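Here is the structure we will look at.
Protein chains: 2
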Amino acid sequence: MNEIFKHVPLYRYLSFCNETGLERTVLDCGAGGDSPSLGLFAQYGYSTYGIEFDPIAIAQAQAYEQERGLQLNIERGDMRNLPFADESFSFVYSYNSIFHMRKDEVSQSLQEMIRTLKPGGLLFVNFLTVNDFRCGEGPHLGDHQYEQFDDDQPVIHSYYTASEADPLFGNMEVLFKEDRTLERIYEGERIRQGFVDYIVKK
Amino acid sequence: MNEIFKHVPLYRYLSFCNETGLERTVLDCGAGGDSPSLGLFAQYGYSTYGIEFDPIAIAQAQAYEQERGLQLNIERGDMRNLPFADESFSFVYSYNSIFHMRKDEVSQSLQEMIRTLKPGGLLFVNFLTVNDFRCGEGPHLGDHQYEQFDDDQPVIHSYYTASEADPLFGNMEVLFKEDRTLERIYEGERIRQGFVDYIVKK
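Order-wise, the sequence lines are chains L and P. Take 1 as the starting number for the first sequence in full-length UniProt numbering and just add one per residue. Take 1 as the starting number for the second sequence in full-length UniProt numbering and just add one per residue.
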């Protein structure tokens, strides 16, 4: 019985990936944490690679791998400068991660993801939207970029309007796009979050 | 390697269901078709039950079951009058189905789903929203209810605003709600669909 991952939109992305028939190589940008979503791709026979900036998140992923006897190949790195050759992977994604930077850095990271993706390969990326309950919180750096705190650590969050990220994909084909506003209970409080997800073909 | 189902929001619902620790009994209202989502619950050891109004969809589900040696227990029935006793199931859901009726019938069906759900059990249901590209097409019956055609068959579609369905759940606790507008390619055309999904605890 396979583990169910909380990264629900990645089930759709995985389904799209499987249907391409391309070699099953995948890179996750922002791959660390205690439930690394590369584990989902490993369930389906993918060769997995990950980049993670935060050493604690790398250690969490390593503990997960050791418990399950998995080798997800998550290494320390910076998605603004990916340490991989052009067109290395059939599939490159970043889930709930890329928006922890200023928008110029987000754009740079996305270009790196596209660079390392094979022609015909699929990209998944999602962004926070201005519908999120935290949009507006903290010092404003302009253009819906805010200095905020996660777990007492300072972090930038960049928020996008529903169509703002469209031009970042240039002439690539958007196969799927979902603008979603969700309400859930987090630490006893009802919160509203906003995301826009893309699946794009190079 | 488990099959991936296209009914992506049900992965979240399944994860919520698993975490309750309740007995794994589930009813799907509108359960037929060539990829019945009860198959996902069967992967996780659930006793599955389904109601389906359309005989063709039942036959499609039966073919699916026979291919895989599954017994999903999908029978002909009408979700406006469920043939089950009160509080029969830990989990009751309807995915992309309940909105094929007029709104008074949707409300009646939802009351039936709630009736057959055990206290503490979880309900999933989703509605079309007024953001859908077909909202406005065909003869209008009022209140965003339209007479339309699917595969040359006449069908009612009822469309809801983002908060319109909230009162239908009375005092039950909404654990998760997602209002989503998606764009995808369907039969060569880019289409826009709108859904609002609920996970509610009785």
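Even for Gly, the Cβ is constructed at its ideal location relative to N, Cα and C. The model shown is predicted, which means the values in this text are computed figures rather than measured ones.
Short of 6 Å in beta carbon distance, which residues of its chain neighbour residue i, apart from the five on each side in sequence? Order them along the chain.
i	result
F84 (chain P)	T116
R24 (chain P)	G45, Y46
D86 (chain L)	R115
G30 (chain P)	S94, S97
Considering only C-alpha positions, which residue in the set the options is nearest to residue i?
i	options	result
H157 (chain L)	L:V92, L:N2, L:E105, L:D54	L:E105
P154 (chain P)	P:N126, P:D143, P:E137, P:S163	P:E137
Y44 (chain L)	L:L123, L:E164, L:Y13, L:G120	L:Y13
S163 (chain L)	P:C29, P:G170, P:T181	P:T181
N96 (chain P)	P:S37, P:G121, P:Y146	P:S37
R102 (chain P)	P:Y11, P:E87, P:H144, P:E3	P:H144
F133 (chain P)	P:Q111, P:A61, P:Q62, P:E183	P:E183
F195 (chain L)	L:D179, L:I58, L:Y186	L:D179
Y186 (chain P)	L:G188, L:F176, L:Y198	L:F176
A165 (chain P)	P:Q62, P:S109, P:G121, P:P139	P:S109
V92 (chain L)	L:Q62, L:K118, L:E189, L:D152	L:K118
Does the Cβ-Cβ distance between residue i and residue j come in under 9 Å?
i	j	result
R76 (chain L)	I56 (chain L)	no
S35 (chain P)	Y64 (chain P)	yes
V130 (chain P)	Y159 (chain P)	yes
Q71 (chain P)	G32 (chain P)	no
L27 (chain P)	Y49 (chain P)	yes
F5 (chain L)	G39 (chain L)	yes
Alpha carbon to alpha carbon, what distance is there between residue j and residue i?
i	j	result
F99 (chain P)	S107 (chain P)	10 Å
P167 (chain L)	D150 (chain L)	29 Å
Y198 (chain L)	V174 (chain L)	7 Å
G170 (chain P)	E147 (chain L)	39 Å
G120 (chain P)	C17 (chain L)	37 Å
Q193 (chain L)	C135 (chain L)	9 Å
T161 (chain L)	F127 (chain L)	9 Å
V8 (chain P)	Y11 (chain L)	6 Å
S15 (chain P)	R68 (chain L)	20 Å
Q66 (chain L)	Q66 (chain P)	39 Å
E19 (chain L)	G188 (chain P)	16 Å
D152 (chain L)	G142 (chain P)	51 Å
Using a Cβ-Cβ cut-off of 8 Å (strictly less than) and excluding sequence neighbours within five positions of residue i, which residues of its own chain qualify?
i	result
M172 (chain P)	I114, L123, V200, K201, K202
Q62 (chain L)	I74
I191 (chain L)	F133, E183, R184, I185
D54 (chain P)	G32
For the ligand HEM, I want to know if residue i counts as a neighbour, meaning its beta carbon is within less than 8 Å of at least one of the ligand's heavy atoms.
i	result
I185 (chain P)	Ligands in the displayed structure: none, and consequently the ligand HEM is not present.
So, at 7 Å on beta carbons, what are the nonlocal neighbours of residue i in its own chain, with the 5 sequence-adjacent residues on each side left out?
i	result
E112 (chain L)	M79, R80, N81, L82
N2 (chain P)	Q43
N73 (chain L)	T48, Y49, G50
H140 (chain L)	Y146
F41 (chain P)	L14, V26, T48
I58 (chain L)	G32, E52, I74, R76
- What residue ranges within the region 74-149 of chain L form continuous beta strand (DSSP E) runs of no fewer than 3 residues, ordered along the chain? 74-76, 89-94, 117-129
- Query: If you scan the region 6-34 of chain L from start to end, which runs of the alpha helix (DSSP H) of 4 or more residues do you find wholly inside it?
  - Reply: 9-20
- Query: Could you give the uninterrupted runs of the beta strand (DSSP E) lying entirely in the region 145-186 of chain L, keeping only those of 3 residues or more?
  - Reply: 145-150, 153-160, 173-186
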